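S.K.:
There are 2 protein chains.
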Amino acid sequence: MKINNLNELNTPCLILDKNLLEKNCSKARKKCDEFNTILRPHVKTPKSIEVAKIALGKDVGPITVSTLEEAEYFASSGFKDITYAVCIIPAKLKRLNYIQLKYNCVIRMVIDSVIVANQIVDYSKLHSANFEILIEIDCGEGRSGLSYQDEKINEISKVFNINHYTKLLGVLAHAGHSYSTNNKKEIISISNIEREQAIASLKNFVNPKNNPPIISIGSTPTMFYAEHLKGITEVRAGIYMFWDLAQTSRGICEIDEIALTVLSSVIGHNQKKGKILIDAGALALSKDISANNFMPEAGYGLVCDPNTALPYEGLNISEVHQEHGSINIDNTSWFDKLPIGSLVRILPNHACLTCAAYSNYNILENGIIVDNWSRTNGW
Amino acid sequence: MKINNLNELNTPCLILDKNLLEKNCSKARKKCDEFNTILRPHVKTPKSIEVAKIALGKDVGPITVSTLEEAEYFASSGFKDITYAVCIIPAKLKRLNYIQLKYNCVIRMVIDSVIVANQIVDYSKLHSANFEILIEIDCGEGRSGLSYQDEKINEISKVFNINHYTKLLGVLAHAGHSYSTNNKKEIISISNIEREQAIASLKNFVNPKNNPPIISIGSTPTMFYAEHLKGITEVRAGIYMFWDLAQTSRGICEIDEIALTVLSSVIGHNQKKGKILIDAGALALSKDISANNFMPEAGYGLVCDPNTALPYEGLNISEVHQEHGSINIDNTSWFDKLPIGSLVRILPNHACLTCAAYSNYNILENGIIVDNWSRTNGW
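Chains as they are written, first to last, in the numbering used here: chain E, 31 to 409; chain R, 31 to 409.
(1) Report yes if the CB atom of E/V400 is closer than 7 Å to the CB atom of E/V333, and no otherwise.
(2) State yes or no: is the C-beta of R/I269 within less than 7 Å of the C-beta of R/T278?
(3) What does a CB cutoff of less than 7 Å around R/L413 pick up in its chain, not counting 5 residues either side in sequence?
(4) Quick check: the Cα distance between R/D366 and E/S187, rounded to an integer number of angstroms?
(5) At the 7 Å Cβ level, is E/I306 part of the contact set with chain R, yes or no?
(6) Nearest CA to the CA of E/N37: which residue from E/S294, E/G331, E/T384, E/E327?
(7) DSSP three-state label for E/H157, please.
(8) Checking contacts by CB at 7 Å: is E/D142 closer than that to chain R?
(9) Just to confirm, are E/R405 and E/K110 a CB contact at a threshold of 7 Å?
(10) What distance in whole Å lies between the Cβ atoms of E/G371 and E/V296, which are believed to be in contact at a cut-off of 8 Å?
(11) What does R/C334 touch in chain E if you count any residue whose Cβ is under 8 Å from its own?
(12) When the Cα atoms are used, what is the spatial distance from R/R70 to R/E264?
(13) State yes or no: is the beta carbon of E/K182 nearer than 7 Å to at least one beta carbon in chain R?
(14) When we look at the beta-carbon of R/M139 and count the other beta-carbons within 10 Å, is it buried (16 or more) or exposed?
(15) Counting only C-beta atoms, is E/E353 closer than 7 Å to chain R at any point?
(16) When burial is assigned at 16 or more other CB atoms within 10 Å of the CB, is E/S96 buried or exposed?
(17) Beta-carbon of R/K317 versus every beta-carbon of chain E: anything under 7 Å?
(18) Are R/W409 and E/P336 closer than 7 Å when you measure CB to CB?
(19) Looking at chain R, is there any beta carbon in it that lies within less than 7 Å of the beta carbon of E/N40?
(20) Sorted by chain position, which residues of the same chain lie with C-beta nearer than 7 Å to E/I220's C-beta, five sequence neighbours on each side aside?
(21) Check the DSSP bridge columns for R/M139 and list the partner residues they point to.
(22) R/L307 and R/S429 - do their beta-carbons sit closer together than 7 Å?
(23) Just the chain E side, please: which residues come within less than 8 Å of R/P251 by C-beta, in chain order?
(24) Is there at least one Cβ from chain E nearer than 7 Å to R/L275's Cβ?
(25) Do R/V144 and R/K197 have their C-beta atoms closer together than 7 Å?
(26) At least one CB of chain R closer than 7 Å to the CB of E/L340: is that the case?
(27) Out of curiosity, what's the CA-to-CA distance linking E/V136 and E/Y195?
(28) Please tell me whether E/R125 and E/G87 are closer than 7 Å, where the distance is taken between their beta carbons.
(29) Compare the C-beta of E/G261 with all C-beta atoms of chain R and state if any pair is closer than 7 Å.
(30) Give me the chain E residues within the contact set of R/W403, using Cβ-Cβ distance strictly less than 7 Å, ordered along the chain.
(31) What are the boundary residues of the alpha helix (DSSP H) that R/T97 is part of?
(32) Which residues, taken in chain order from the stretch 368–392 of chain R, show a beta carbon closer than 8 Å to some beta carbon of chain E?
(33) Output yes if chain E places a C-beta closer than 7 Å to the C-beta of R/V116; else output no.
(34) DSSP has E/W341 in a bridge; who is on the other side?
(35) Can you list, in chain order, the residues of the stretch 223–235 of chain E whose Cβ is nearer than 8 Å to any Cβ on chain R?
(36) In this structure, does DSSP put E/S404 in helix, strand or coil?
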């Protein structure tokens with residue numbers, strides 16, 4: 031099928047295939063339904079209201095964000111139940127509280143420090159600010175969070191036991207190390223540990239109001255490969271909406287499920303060096319090459335037919351400069367197949383980073399560009 | 031000196047030291063004055079009106095851009111003499127011409143193809159559009175451009191010989207491969223070749239109007255290390271305005287000349303793993319690690335005292351996730367020196383890519399944040 035209006039777009043730009051997006055989102059919702067748990071989509075990947083609605087399958091619902099800028103953007107569009115899944119610091123409480131009050135929403139915050147717990151309590155008393163808190167549990171990634179056996183979990187929960195404005199709701203874990211393997215058994219094992227340690231971390235948790243605690247886990251691989259999610263109240267995942275080569279390279283998705291591509295134009299032929307130059311470089315694609323660990327042929331992205339988004343065999347972006355991408359070719363017939371001015375679509379390594387260079391998505395639906403959706407960026 | 035109002039900023043954000051910026055820009059202008067040539071600053075680094083004015087030392091003047099978005103942004107602020115230094119394709123002529131007409135400016139375009147030359151002539155006749163053109167010369171980088179001996183230079187110049195609307199003005203070369211070495215002698219040699227081949231490329235150049243041709247060359251290293259620039263009419267360079275670790279690592283600048291840093295907050299202490307977590311990750315810093323070729327200790331950036339912007343010995347960003355940066359420490363005293371909530375400044379690998387995640391600069395002048403300058407992004 032030929033997309034008749036692709037050539038009306040300025041290149042480089044993002045193309046988001048709505049049909050694939052809907053399929054990907056519906057699959058994740060079904061998975062969480064089967065596991066009898068709530069999906070709280072991580073909107074740090076799309077940073078778009080329209081995409082978040084498709085991820086939820088409804089107009090509003092619980093979401094996860096990675097910045098307060100995202101929190102404000104989504105809150106201003108009516109999202110009321112937001113988890114900010116990066117550890118808070120006291121300097122950010124003022125803005126967080128401002129967003130909560132302005133938009134009548136809740137932005138749950140995450141902590142892993144007794145000191146910060148006390149600072150939150152102090153702030154909440156001083157400003158009569160209502161806060162909801164989760165303790166971050168490190169289930170093996172070794173980034174932020176406390177070990178599930180750490181006695182600080184008990185200490186933190188005691189800090190909130192005596193305060194009226196703050197509610198300690200539960201725990202949050204993220205098995206980000208599930209991205210470091212392409213072995214299904216290992217991912218299953220990581221998923222089991224993520225679930226078990228999140229639940230076990232509650233042993234020393236003092237829950238003043240005796241409400242059932244929130245146990246939030248998630249990463250796209252551990253969600254899709256989970257054996258079960260018994261005891262888990264919600265799952266956070268994001269990249270499944272778009273997919274990308276990093277996920278394909280780890281066997282988590284198929285190449286023809288990737289909904290997000292960069293549309294680019296051929297701007298030059300270097301016949302001496304056997305290179306095709308395109309107008310998508312380091313800014314348009316990002317310098318993330320994380321797919322290459324398990325897919326060394328990915329380069330800075332796979333070069334695809336603009337209509338089908340299926341890779342041209344053997345063509346990748348081998349080098350990037352700020353605004354130039356270079357495709358090394360081993361057969362000069364590519365110069366005829368891809369004349370200067372022709373379009374290609376690029377499958378990105380890491381959609382979250384690639385998208386961040388753009389302010390909007392061009393929406394492809396049933397073989398035609400039908401719409402343009404904005405996204406937010408920055409902090 | 032303590033910067034008293036740093037803690038009023040939302041982190042992560044960009045800090046631009048105006049005093050250093052002015053010093054860096056003045057040094058480059060002086061260099062071009064000594065060489066008796068014109069400096070045409072490449073604004074793809076700052077993408078900011080205020081920075082461009084400082085680079086020029088006056089309110090308007092000749093600039094180089096890397097996207098038509100930049101061209102439009104600068105044209106809308108009164109810049110009339112713009113070179114778009116990435117090969118044009120016919121699909122972009124409409125927008126280029128629109129900007130020229132709307133803002134009464136000239137956007138010189140660059141080509142390296144006979145076919146595109148003919149397409150430009152066809153377009154210009156059909157739309158009575160006035161275009162100015164330079165032929166790109168590849169002086170050794172092996173990216174875009176024609177070899178200085180390529181007979182296509184002659185063919186292209188003949189295409190424009192017979193057209194009234196288009197003016198072929200000269201040639202443009204960019205020794206981007208000067209970034210691939212930290213050896214001063216090699217850079218001098220590359221600079222000599224850039225100059226010589228740019229001049230030699232005019233041998234077969236047909237100049238219908240017998241005007242002296244434009245011979246535009248440039249990269250920051252080849253400008254500063256040039257032995258002379260006799261015969262060169264203008265120099266394009268950009269990164270010298272801000273500098274970055276990639277340039278420091280190649281010996282082109284000193285660390286205390288870098289004007290651009292990322293301000294970030296400590297958001298966590300992972301005591302088990304010996305890590306300090308900050309709120310500047312892959313988006314806030316970019317995944318460019320190009321300084322590491324010659325400065326393996328650079329990591330994703332060097333961690334600095336927030337007041338002096340001088341590196342803390344042995345501290346770099348060793349790992350990045352979308353919104354997390356990790357600093358591996360070998361001495362737990364860093365946990366005391368950098369408590370949660372404290373500020374650090376990060377020297378970036380590649381300022382052009384780091385800046386692209388932000389919409390503005392916080393301007394530091396004489397030890398205080400005094401202003402906020404916007405920048406453009408995207409295409």
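In this text, a Cβ means the ideal position worked out from N, Cα and C, and glycines have one as well. Note that the structure is a prediction, hence the values are computed from the model and not measured.
M.R.: Straight from the coordinates:
(1) no
(2) no
(3) Residue 413 of chain R cannot be examined here, being either before or after the span of chain R that is shown, 31 to 409.
(4) 24 Å
(5) no
(6) E/S294
(7) helix
(8) yes
(9) no
(10) 6 Å
(11) Correct list: empty, because the minimum Cβ distance to chain E is about 19 Å.
(12) 7 Å
(13) no
(14) buried
(15) yes
(16) buried
(17) yes
(18) no
(19) yes
(20) G170, A205, H207, S208, T252
(21) R/Y114, R/I163
(22) A question about residue 429 of chain R goes unanswered here, because the residues of chain R that appear run from 31 up to 409.
(23) By Cβ distance, chain E contributes nothing, its closest Cβ being about 15 Å from R/P251, past 8 Å.
(24) no
(25) no
(26) no
(27) 13 Å
(28) no
(29) no
(30) Under the 7 Å cutoff, chain E gives no residues; its nearest Cβ is about 15 Å from R/W403.
(31) Run containing R/T97: none; DSSP gives neither H nor E here.
(32) P369, I370, G371, C382, L383, A386, A387, Y388, S389
(33) yes
(34) The amino acid occupying residue 341 of chain E in the given sequence is Pro; Trp does not appear at that position. Paired residue(s): E/C334.
(35) none
(36) strand
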